[in-house]
Amino acid sequence: MYLSEAIKAMEMNLRSTCMMLEAVRNNQVDKAIDYDWLPMQDHLALCIPTITISEESSVEDCLKYLGQLYKGLTKAMAHYKKGNRIVGDVDRNVVYMVDMLYGLIGHQFNEDYVNCARECVKAYNQTPIDPNEEKNDENARIWRRKVLDKFGVILKKYDIDITEKGEWSIREGYLVEWLDRKYWK
Numbered sequence: 003m004y005l006s007e008a009i010k011a012m013e014m015n016l017r018s019t020c021m022m023l024e025a026v027r028n029n030q031v032d033k034a035i036d037y038d039w040l041p042m043q044d045h046l047a048l049c050i051p052t053i054t055i056s057e058e059s060s061v062e063d064c065l066k067y068l069g070q071l072y073k074g075l076t077k078a079m080a081h082y083k084k085g086n087r088i089v090g091d092v093d094r095n096v097v098y099m100v101d102m103l104y105g106l107i108g109h110q111f112n113e114d115y116v117n118c119a120r121e122c123v124k125a126y127n128q129t130p131i132d133p134n135e136e137k138n139d140e141n142a143r144i145w146r147r148k149v150l151d152k153f154g155v156i157l158k159k160y161d162i163d164i165t166e167k168g169e170w171s172i173r174e175g176y177l178v179e180w181l182d183r184k185y186w187k
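Residue 150 in our numbering sits at position 148 of the sequence shown; the count goes up by one each step and never skips.
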């Protein structure tokens, strides 16, 4: 009798813990890492895409959820540490840029990508937003185009194509979103 109640209590606590972690994962991704680290945000958001936790979830689903979430967070932390060790830049934007150029996390921080990212961040820093200009969609588009044109020259120099055979790609989307966030800050 007591054993069945203990099992039920354990199941309820496990579900409750998983539901709490799911709420944190869904609502706090931006706060867990820098708002501008878009590939890492996507990685964390997709850590457990196949499982939805609810009050009716089985113990097996809860354990699978915890395993996948732990694996995803561990991969994110390993990538973060590797980026700091290899890139070693004071400017976090360089690590973010490398990830945006790759379109994901978990890569090996290829030297060409790191050097390209450094140059892209430098180009971004050398293209300030005019403080006397009204911030609006048109001016944002013009400024973004100016920066992306500079990135294009740098990408060509390193023979890095961020498109999918000339078509839009997530890597291109990351750069546009990152620049938009920088503009509207």
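C-beta atoms are modelled at their ideal positions from N, C-alpha and C, and glycine is treated no differently.
Exposed unless 16 or more other CB atoms sit within 10 angstroms - verdict on residue i
i, result
"P130", "exposed"
"R173", "buried"
"R147", "exposed"
"V97", "buried"
"G168", "exposed"
"S59", "buried"
"W145", "buried"
"R183", "exposed"
"D78", "It should be noted that the sequence gives Ala, not Asp, for residue 78. A78 should be labelled buried."
Beta-carbon proximity of residue i to residue j, cut-off 8 angstroms
i, j, result
"V149", "L103", "no"
"E135", "L40", "no"
"I55", "M21", "yes"
"I118", "I162", "Correcting the residue type first, residue 118 is Cys in the shown sequence and not Ile. Going by C-beta atoms, C118 is nearer than 8 angstroms to I162."
"M42", "D101", "yes"
"G105", "Y185", "no"
"C49", "L71", "yes"
DSSP three-state assignment for residue i, whether helix, strand or coil
i, result
"E166", "strand"
"L48", "coil"
"N138", "coil"
"G154", "helix"
"W39", "coil"
"Q70", "helix"
"D1", "Any answer about residue 1 is impossible in this case: the structure gives the chain only from 3 up to 187."
"I144", "helix"
"K77", "helix"
"D114", "helix"
"I107", "coil"
"D93", "coil"
"K83", "helix"
"Y185", "helix"
"E13", "helix"
"D161", "coil"
"D101", "helix"
"S171", "coil"
Reference residue i, options the options, closest by Cα
i, options, result
"A80", "R183, N15, I107 and E166", "I107"
"V89", "E57, N112, T76 and Q128", "N112"
"L75", "D63, L16 and A47", "A47"
The ligand COA heavy atom lying under 7 angstroms from the CB of residue i
i, result
"V116", "The model on display carries no ligand, and the ligand COA is accordingly not part of it."
Are at least three pairs of beta-carbons, each pair with one atom in the segment 119-126 and one in the segment 149-167, less than 8 angstroms apart?
The count of Cβ pairs closer than 8 angstroms, one atom from the segment 119-126 and one from the segment 149-167, reaches three, so the stretches are in contact.
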